[in-house]
Amino acid sequence: LVLWAHHTPNITFGHNIIDNCYNGILSSNSCVNTRVVNNTFSNCGGNMMPTFCVNCKGKDYYIANNQFRNFGYAAIGAGVWFGHEKKYESSGVIENNEMWCDSNYIAHKERYTLQDTGALYLWPKNDSVTVRNNYIHDIDGMLLNRGIFCDDGASHFRLYGNVVINI
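Going by my numbering, the sequence shown opens with residue 0, and the numbers climb by one from there.
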């Protein structure tokens, strides 16, 4: 992990370049006001595990104006998995991000990707998530890959203004 936060309020992770790592940012359900803005993530994941460039589970997170190129499981994860306890609110905004895979990455997807995922992954336990104005394109994987994946029972989210093409 590049950054793992637990019981940590008011984190800002901005204007960074992250390249060739398995997991990027994990902000747990106990975090409040995590900001991940204006970063570039490239070639993250690929270890045949459910890896994320950014994974926010807490209250009032803001993930915006980032570029995500070539990622394993998902570029962004939001919310709490149904098998984990959600002690605190999980809410935030995900906007104005670009997520894609280049042609070389897609040509060798068996080295990097798993199945049953999406560029943006919404976990089942959310209180209020807004996903808007993101550009998701040129995504492929081993099977059942999506631009935006709303996991089993995902709720309490709004999706609008997103452009999703060539999935």
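Ideal placement from N, C-alpha and C gives every residue a C-beta, glycine not left out.
ask   = Leaving out the 5 sequence neighbours to the left and right, which residues in its chain are closer than 6 Å to H168 when beta-carbon positions are compared?
value = Past the boundaries of the shown model lies residue 168; the chain is included only from 0 to 166, so the question cannot be answered.
key: Sequence-distant residues of the same chain with beta carbon closer than 6 Å to I147, five excluded per side   = So the qualifying residues of the chain are G117 and L119.
request  = Work out the CA separation of T39 and N54 for me, nearest whole Å.
outcome  = C-alpha separation (whole angstroms): 15 Å.
query = Under a Cβ-count criterion, where at least 16 other Cβ atoms within 10 Å of its own Cβ denotes burial, should I138 be classed as buried or exposed?
reply = buried
Residue interval of the alpha helix (DSSP H) (run including A106) = A106 -> alpha helix (DSSP H) spans S102 to A106.
key: Straight-line gap, F70 to Y60 (C-alpha atoms, nearest Å)   = 21 Å
message = Please state the DSSP three-state secondary structure of E109.
response = helix
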